[in-house]
Each structure stands twice: as C-alpha cells, then as structure tokens.
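In the numbering used here, the protein residues as written are 278 to 331.
Built from N, CA and C at the ideal position, the CB exists for glycine as well.
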Amino acid sequence: MVLGPGYWTRLVKAFKHPVDPIINNMPNYFKVIKKPIDLTTIKVGWEGEVYAEY
C-alpha cells in the first residue's frame, strides 16, 4: 500500500461517524461495544472543551 494523498482519509473512514446498528445490521452492537466513540464525537468534544488538558 502506498502512502499517498488521501491515505489517512481512507484509513479512518470507518471511524469518522457514530455507528448506526440498525442501518449497519448490527443488532448486538451496544451489547458488545460498551463505550462507542468515533472521530466526529471526539472532535466535537475537543472543540467544546469537554476533555481536560493534561
């Protein structure tokens, strides 16, 4: 795999938005994944200063 333009965009695509268990046909998603997180949620929290500085 070549690390060209768009590599990271393609790599993180699956983690960019919250999972919708109904649309993705994963009825047990929240039973298996106890604390789901995605990059958009992290970004919103970061911009809203939800996360403490270390």
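Rounded to the nearest angstrom, the Cβ distance from Pro295 to Tyr306 is 10 Å, too far for a contact under 8 Å. Contact annotation: Lys290 and Thr317 have beta-carbon atoms that are not nearer than 8 Å. Secondary structure of Gly322 (DSSP, three-state): helix. Going by DSSP, Lys308 is part of the alpha helix (DSSP H) stretching over 306–309.
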